[in-house]
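Asker:
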Amino acid sequence: MQETAHPWAILGALDREVALLRERMAVDRTERALGTEFAFGTLLGRPVALACCGVGKVNAAACATWLLCARGCGLILNAGIAGAVGHGLRTLDVVASRELCFHDQDPVMLKYFPARRFFPGDPALLDLCRRACARPGVLQGAYREGRVATGDRFVADRATRDRIVADCAPDCVEMEGAAIAHVAFAAAKPCLVIRTMSDCADDDADDVYDDFIERAADQSARIVLAMLEEARA
Ligand code: ADE
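The numbering of the sequence shown is the numbering used here, which starts it at 859 and goes up by one.
(1) Helix, strand or coil, according to DSSP, for M1085 in the structure here?
(2) Between which two residues does the alpha helix (DSSP H) holding V1023 run?
(3) In the DSSP assignment, find the alpha helix (DSSP H) that holds A1045 and state where it starts and stops.
(4) What first and last residue would you give for the beta strand (DSSP E) that runs through T888?
(5) Would you tell me roughly how many angstroms separate the C-alpha atoms of L801 and K915, rounded to the nearest one?
(6) Assign L950 to one of three DSSP states: helix, strand, or coil.
(7) For the alpha helix (DSSP H) holding L986, just list the boundary residues, first then last.
(8) Give me the residue from G944, G870 and G893 with the minimum Cα distance to R1019.
(9) Determine which residues share a DSSP beta bridge with L908 and list them.
(10) Please classify Y970: does DSSP put it in a helix, a strand, or coil?
(11) Given a cut-off of 7 Å, decide if P978 and E957 are closer than it, judged by their beta-carbon atoms.
(12) Whole angstroms is fine: what's the gap from E861's alpha carbon to P905's?
(13) Candidates A1014, V1023, V1031 and D1076: which alpha carbon is nearest D1065's?
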């Protein structure tokens, strides 16, 4: 893991996705911008900037841009929950972003900057995440490095799920990751998205989500804490 004096940016979309991190963080100051509160301080001794960016691609991209470009963060992590669609994936399994794409993008967009369908997860952050997840007590489910598909839609029906699988074959669907990865790519900063499965993006998704959101969100936050521990080990 390359050392950087710049803070790690950490984003979650929901309060619960950042709750554990905020609890453990020593906050030096907060700043309000773009309708969001950003906390600056240290987490396990490392400088970090943490925010609950809100749901969806634009909220996530706005906060990522501000942290990476206006506040000089050196890398960005996005931790939270997702709907499992990859073969064999179950609730409480983890997907770390080997790559990310948008599932609601017209192919015409590929003609324009950044002219790519997939954004890579940073290899060094993936390596750190893998080692963090191998630590005892961090994971309740299985670990996978896979494809994350992002769109401005909560996927909760079979037809939509099947259409997304046919289109881009992701391991999981969520609503912010590729937007953050797109910004990080444009800013040339490392990025990793870490998602614990809260549901299976099918007709039962709303009910299953309610049962698993807290455990799933907390597990992704625990992985970030383990990454910070692993980075200083
Ligand atoms: N986040 C968690 N579950 C999701 C789903 N089914 N669709 C989109 N985002 C999600």
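We put the CB at the ideal spot given by N, CA and C, even for glycine. Treat the numbers as computed from the prediction; the structure is a model and nothing was measured.
Answerer: Straight from the coordinates:
(1) helix
(2) R1016 to C1026
(3) G1035 to A1045
(4) A884 to A891
(5) In the structure as shown, the chain begins at 859 and stops at 1091. Residue 801 is therefore absent and cannot be evaluated.
(6) coil
(7) P981 to C991
(8) G944
(9) I868 and A897
(10) coil
(11) yes
(12) Unreliable positioning characterises E861 in this predicted model, as indicated by a pLDDT of 47, which lies under 50. A coordinate reading is not provided.
(13) A1014
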